[in-house]
Amino acid sequence: MIENVKFKLNGKSVALRIDSDRLLLWVLRTDLGLTGTKYGCGESYCGACTLLVDNEAVRSCQVAVKDVRGKHVVTIEGLAKNGDLHPVQKAFMEYDALQCGYCTPGMIMNAVAFLRKNPRPTSAQIIAAMDDNLCRCGAHNRIVQAIEAAAKEAKGGF
Amino acid sequence: MKEDKYLEMNFSGKFPDLEMDRRKFLRTAGGGIFILFTLWDASLFAQEGRGRRGNLPTDFNAFLRIGEDGRVSCYTGKIEMGQGIITSLAQMLADELDVSLDSVDMVMGDTDLCPWDMGTFGSMSTRFFGPPLRAAGAEGRRVLLELAAEQLKIDVQDLNTANGVVSSKKDEKMRVSYAELAKGKKIERHLTEEVKVKSPEEFKVVSKPVTRRDALEKVSGKAKYAGDIQLPGMLHAKLLRPPQHAARLAEADTSAAEQVEGAQVFRDGDLVAVLHKYPDVAEIALAKIKAKYDLAASDLDDKNIFDHLVKVAPSGEAVAQGGDLQVGESEASILVEATYLDGYKSHAPIEPHTATASIEGDKVTVWPSSQTPFSAKREVAEALGIPQDNVRIISPFVGGGFGGKTRNLQVVEAARLAKLSGKPVQVAWNRKEEFFYDSFRPAAVITIKSGTDDKGNIRFWDYHVYFAGERGSQQFYSIPNHRTMTHGSGWGSAPGTHPFATGAWRAPGNNTNTFARESQMDMMAAKAGMDPLEFRLQNLTDAKMKNVLTTAAEKFGWKAAKAPSGMGRGIACGTDAGTSVATIAEVEVNKTTGEVKVKRVVCAQDMGLVINPEGATIQMEGCITMGLGYALREDIRFKGNDILDANFDTYSIPRFSWLPKIETVIIDNKNADPQGGGEPAIITMGAVIANAIFDAVGARLFQQPMTPERVKEALAKG
Numbered sequence: 276m277i278e279n280v281k282f283k284l285n286g287k288s289v290a291l292r293i294d295s296d297r298l299l300l301w302v303l304r305t306d307l308g309l310t311g312t313k314y315g316c317g318e319s320y321c322g323a324c325t326l327l328v329d330n331e332a333v334r335s336c337q338v339a340v341k342d343v344r345g346k347h348v349v350t351i352e353g354l355a356k357n358g359d360l361h362p363v364q365k366a367f368m369e370y371d372a373l374q375c376g377y378c379t380p381g382m383i384m385n386a387v388a389f390l391r392k393n394p395r396p397t398s399a400q401i402i403a404a405m406d407d408n409l410c411r412c413g414a415h416n417r418i419v420q421a422i423e424a425a426a427k428e429a430k431g432g433f
Numbered sequence: 065m066k067e068d069k070y071l072e073m074n075f076s077g078k079f080p081d082l083e084m085d086r087r088k089f090l091r092t093a094g095g096g097i098f099i100l101f102t103l104w105d106a107s108l109f110a111q112e113g114r115g116r117r118g119n120l121p122t123d124f125n126a127f128l129r130i131g132e133d134g135r136v137s138c139y140t141g142k143i144e145m146g147q148g149i150i151t152s153l154a155q156m157l158a159d160e161l162d163v164s165l166d167s168v169d170m171v172m173g174d175t176d177l178c179p180w181d182m183g184t185f186g187s188m189s190t191r192f193f194g195p196p197l198r199a200a201g202a203e204g205r206r207v208l209l210e211l212a213a214e215q216l217k218i219d220v221q222d223l224n225t226a227n228g229v230v231s232s233k234k235d236e237k238m239r240v241s242y243a244e245l246a247k248g249k250k251i252e253r254h255l256t257e258e259v260k261v262k263s264p265e266e267f268k269v270v271s272k273p274v275t276r277r278d279a280l281e282k283v284s285g286k287a288k289y290a291g292d293i294q295l296p297g298m299l300h301a302k303l304l305r306p307p308q309h310a311a312r313l314a315e316a317d318t319s320a321a322e323q324v325e326g327a328q329v330f331r332d333g334d335l336v337a338v339l340h341k342y343p344d345v346a347e348i349a350l351a352k353i354k355a356k357y358d359l360a361a362s363d364l365d366d367k368n369i370f371d372h373l374v375k376v377a378p379s380g381e382a383v384a385q386g387g388d389l390q391v392g393e394s395e396a397s398i399l400v401e402a403t404y405l406d407g408y409k410s411h412a413p414i415e416p417h418t419a420t421a422s423i424e425g426d427k428v429t430v431w432p433s434s435q436t437p438f439s440a441k442r443e444v445a446e447a448l449g450i451p452q453d454n455v456r457i458i459s460p461f462v463g464g465g466f467g468g469k470t471r472n473l474q475v476v477e478a479a480r481l482a483k484l485s486g487k488p489v490q491v492a493w494n495r496k497e498e499f500f501y502d503s504f505r506p507a508a509v510i511t512i513k514s515g516t517d518d519k520g521n522i523r524f525w526d527y528h529v530y531f532a533g534e535r536g537s538q539q540f541y542s543i544p545n546h547r548t549m550t551h552g553s554g555w556g557s558a559p560g561t562h563p564f565a566t567g568a569w570r571a572p573g574n575n576t577n578t579f580a581r582e583s584q585m586d587m588m589a590a591k592a593g594m595d596p597l598e599f600r601l602q603n604l605t606d607a608k609m610k611n612v613l614t615t616a617a618e619k620f621g622w623k624a625a626k627a628p629s630g631m632g633r634g635i636a637c638g639t640d641a642g643t644s645v646a647t648i649a650e651v652e653v654n655k656t657t658g659e660v661k662v663k664r665v666v667c668a669q670d671m672g673l674v675i676n677p678e679g680a681t682i683q684m685e686g687c688i689t690m691g692l693g694y695a696l697r698e699d700i701r702f703k704g705n706d707i708l709d710a711n712f713d714t715y716s717i718p719r720f721s722w723l724p725k726i727e728t729v730i731i732d733n734k735n736a737d738p739q740g741g742g743e744p745a746i747i748t749m750g751a752v753i754a755n756a757i758f759d760a761v762g763a764r765l766f767q768q769p770m771t772p773e774r775v776k777e778a779l780a781k782g
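Here it is as structure tokens:
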């Protein structure tokens with residue numbers, strides 16, 4: 276149904292006149308030009324399209340744009356604050372926790388949501404929280420290390 | 065498969081007019097000092113050049129430029145897909161030219177800016193591109209020194225280079241920067257003779273660990289992949305696909321799709337596509353097309369495929385033989401005869417095949433996810449019937465390749481649709497299309513008959529490989545009587561061989577060959593009552609291989625015991641892309657469920673000179689992690705012409721919870737030529753796990769992947 280949908284995107288208000296059944300992933304990538312959120316599988320199995328909706332990690336290939344009405348959507352582009360990278364982004368760089376980089380935005384967004392709920396996780400908790408995000412290059416162990424390091428660095432403050 | 069055969073497969077393209085290319089490149093690249101060089105110059109590296117020059121360009125196929133701003137640019141047709149050459153190639157130049165890593169720019173995979181290149185695959189960038197790149201850097205430094213000598217009126221031998229500046233050894237104030245030397249110049253040098261590159265003691269950047277140069281773009285979401293290219297007026301295409309392989313489109317009623325607001329339907333032969341400014345709406349419209357197909361029958365499936373392959377295989381070609389098999393067999397008191405099976409595997413990069421194409425005037429530009437931009441250029445030119453000069457491929461970051469993105473079907477689709485519609489068009493395959501049109505790692509069968517004397521000395525080895533290919537099939541043990549036969553190639557097989565496309569998959573052929581060879585070694589060791597490490601060392605004379613084995617064993621803390629010891633550890637070794645690798649794995653087997661948990665993997669590798677130890681380590685970790693997949697779970701299921709796996713729900717790739725503790729050792733071998741690093745460490749993963757399962761529970765697995773069901777079956781056989 277074509278209707279008005281308003282939500283907050285990376286701290287700014289967005290108002291769209293749109294078929295509100297359309298999927299958030301494509302609305303972000305095409306209508307709004309934010310291409311950091313990636314398509315990987317289209318059926319929620321891989322996590323490449325993960326972003327935050329009111330601080331929860333959400334797979335944007337499964338969410339209609341009407342479902343984020345009035346909510347705050349944060350994508351990889353909105354994670355840095357005043358040009359300062361988020362601690363998780365910094366840790367991914369420092370630990371070389373990526374290769375091709377295509378799954379990376381989804382990995383980082385999933386990790387950020389997880390750390391906000393559990394700022395002092397064990398590595399087993401990190402592994403469990405990240406298990407449904409897929410990486411084909413094999414950066415897994417470094418991603419776990421990066422998330423552990425970011426947690427230590429932030430001392431609980433996410 | 066011989067290296068040069070590998071190079072020829074799929075990639076024997078036509079080469080552009082190089083003289084014209086040279087003039088064009090130099091014109092578009094602006095001023096400065098240019099060093100032109102080729103990968104295939106036999107005078108520079110005779111070994112790699114041998115046998116290849118026949119139909120490959122001998123002029124040049126890369127160049128570097130020292131610009132008027134003093135920055136160094138390397139123009140290469142290679143692409144960055146995660147393997148890290150954007151960092152390691154720049155490191156080599158920084159050292160040879162005495163500039164900081166930050167002042168080296170990599171211009172990659174742009175067919176208008178970069179000279180022809182065959183493609184990025186086969187762990188070849190560092191091995192084959194590295195030596196001439198370093199030589200070109202050294203030549204550039206020589207030119208700078210000559211220019212500075214003239215300008216400063218000081219002999220070359222009294223000059224130093226550091227940090228982009230040439231200065232007098234005696235008087236630091238007598239100095240001139242590279243920028244000043246390059247200013248207003250247009251100097252062209254061809255690298256034709258051997259130049260002296262730096263020795264390992266002189267390295268400042270090479271062989272030091274450096275983190276990825278592209279990490280900031282990738283963690284901030286700014287890195288552009290093919291699907292992130294957005295052009296004004298661009299339409300997204302969704303293509304009508306057959307329900308199964310070998311199906312022919314009989315009729316398509318597109319009227320309902322055309323009713324969707326903003327949707328346009330295009331048809332050109334078998335190509336039927338819906339274009340819309342939103343990809344999701346194009347997909348909805350596509351679903352409204354009513355199509356009928358003529359289907360072809362096939363009795364093949366993922367279980368009977370192996371019998372089929374052996375039946376249709378050609379009689380075979382001996383790739384290695386020596387001694388007399390009958391004599392060897394008569395000398396053997398311990399015989400082992402086994403058949404090994406391996407199913408189809410998908411490349412499954414997280415980024416599916418994507419291409420964005422635009423036509424302006426008579427010029428076609430495509431941004432694809434491709435490992436072979438110059439092949440893509442030729443394919444687009446052929447598909448549109450236009451000269452290659454009118455096609456430009458610009459390579460964005462590639463979201464994983466593993467061999468699968470050497471095929472460019474989506475590039476041609478995007479270009480055809482851009483021509484049909486007159487608009488920029490993006491074709492981005494969905495996951496189902498990715499599984500359907502993948503060029504799978506081929507299913508394969510290997511039979512081995514071998515034997516040892518009662519002291520565990522291998523006396524004969526009779527090896528037949530069906531369709532895995534030759535790479536990794538030639539054993540490197542000291543065996544007096546041996547024969548290695550390949551039946552069919554690992555790709556490009558005759559029609560009727562495979563039910564769908566097959567192609568190169570990370571270390572093509574070697575994953576299957578090493579699984580079979582190293583499992584067979586373990587079975588012989590077990591029958592001879594010997595420790596599997598000791599058995600290997602006893603039958604090896606190859607010092608490099610022995611060294612990686614003992615290095616891995618030391619790191620692991622290996623204690624001699626014959627298998628099955630109950631400890632659940634396995635060892636395997638192999639060679640790929642010039643690199644020797646040995647791996648030890650420790651597993652836990654749940655006898656009730658058949659689940660195998662890999663707890664620890666130790667891997668030692670001798671890859672000659674290592675350019676970026678950090679990058680090389682990451683590649684080893686990536687190989688080990690990806691290797692868990694084909695060893696334990698990955699298998700394309702199919703029935704007739706239907707591929708039953710369409711997404712990651714049924715096709716399982718490695719996850720966080722699968723990961724073992726990984727420890728890597730890179731042998732310090734700075735004086736040897738650099739070898740491949742992107743593939744070797746994956747080849748041993750099947751065999752180490754199979755051998756570790758046997759060591760844990762005494763059950764031998766003969767088929768990859770080693771799923772819980774197969775483990776339980778093997779346990780039941782005892």
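Residue numbers (my numbering), protein chains in the order written: chain A, 276 to 433; chain B, 65 to 782.
The beta-carbon is built from N, C-alpha and C at its ideal position, and this holds for glycine as well.
The structure displayed is predicted, hence computed values, not measured ones.
- Checking the DSSP bridge columns, you'll see B/His411 has no partner listed.
- With a cut-off of 8 angstroms on Cβ pairs, the stretch 143 to 154 of chain B is in contact with the stretch 269 to 287 of chain B, counting three or more such pairs.
- Among the residues of chain A, those whose CB is under 8 angstroms from the CB of B/Thr275 are Met368, Glu369, Asp371, following chain order.
- Proximity of the stretch 556 to 574 of chain B to the stretch 462 to 479 of chain B meets the contact definition, three or more beta-carbon pairs being nearer than 8 angstroms.
- For A/Arg411, the three-state secondary structure derived from DSSP is coil.
- B/Leu209 is classed as buried because its beta carbon has at least 16 other beta carbons within 10 Å across all chains shown.
- Note on B/Asp235: under 16 other CB atoms within 10 angstroms of its CB, so exposed under the neighbour-count rule.
- Beyond the five residues adjoining it in sequence on each side, B/Phe98 comes within less than 6 angstroms, by CB distance, of Phe127, Arg129, Glu252 in the same chain, given in chain order.
- Taking C-alpha positions only, B/Ser514 is separated from B/Ile522 by approximately 8 angstroms.
- Listed as beta-bridge partners of B/Met549 by DSSP are B/Ala382, B/His528.
- Beta-bridge partners assigned by DSSP to B/Phe98: B/Arg129, B/Glu252.
- B/Lys619 and B/Ala680 do not touch by the CB rule: their CB atoms are close to 16 angstroms apart, not below 8 angstroms.
- Boundaries of the beta strand (DSSP E) harbouring B/Val729: 725 to 730, taken from the DSSP string.
- A/Thr397 has a beta carbon lying at 8 angstroms or more from every beta carbon in chain B.
- Beta-bridge partners of A/Ile277 (DSSP): A/Asp294.
- Taking a 10 Å sphere around the C-beta of B/Met182, we find 16 or more other C-beta atoms and assign the residue as buried.
- Secondary structure note for B/Tyr242: its alpha helix (DSSP H) is the uninterrupted segment 242 to 246.
- Within the model, the alpha-carbon separation for B/Leu708 versus B/Ser271 is close to 46 angstroms.
- A straight line joining the alpha-carbon of B/Gly691 with that of B/Ile746 spans about 5 angstroms.
- Taking C-beta atoms under 8 angstroms as the contact rule, A/Gly311 and A/Pro380 qualify, at a distance of about 5 angstroms.
- In chain order, Val136, Gly201, Gly204, Arg205 place their CB closer than 7 angstroms to the CB of B/Leu161, counting only its own chain and leaving out the 5 sequence neighbours on each side.
- Its chain contains Thr420, Ser422, Pro488 as the residues whose beta carbon lies nearer than 8 angstroms to that of B/Leu295, once the 5 sequence neighbours on both sides are disregarded; these appear in chain order.
- Ranked by Cα distance from B/Gly425, the options B/Lys409, B/Asn494, B/Arg456, B/Ala287 are led by B/Arg456.
- Between B/Leu481 and B/Ala301, the alpha-carbon positions lie close to 8 angstroms from each other.
- Look at A/Cys324: its C-beta is not under 8 angstroms from any C-beta on chain B.
- When the alpha-carbon of A/Met405 is set against those of B/Phe720, B/Ser263, B/Asp595, the nearest one is in B/Phe720.
- Counting the other CB atoms within 10 Å of its CB gives A/Arg292 a total below 16, which places it among the exposed residues.
- The Cβ of A/Glu331 sits no closer than 8 angstroms to any Cβ of chain B.
- CA-to-CA, the gap between A/Ser335 and A/Glu428 works out to about 29 angstroms.
- The three-state secondary structure of A/Glu331, taken from DSSP, is strand.
- Of the other Cβ atoms in all chains shown, fewer than 16 fall within 10 Å of the Cβ of A/Ile277; this residue is therefore exposed.
- Residue contact check for A/Gly431 against chain B: no CB pair falls below 8 angstroms.
- Closer than 7 angstroms at the C-beta level to chain A, one finds these residues of the stretch 689 to 700 of chain B: Thr689, Met690.
- Within the stretch 414 to 431 of chain A, the residues whose Cβ lies closer than 8 angstroms to some Cβ of chain B are Ala414, His415, Asn416, Arg417, Ile418, Val419, listed in chain order.
- Inclusion of B/Ala355 and B/Leu313 in the CB contact set at 8 angstroms is warranted, their separation being smaller than that value.
- Judged by DSSP secondary structure, B/Val391 falls within the alpha helix (DSSP H) whose first and last residues are 389 to 395.
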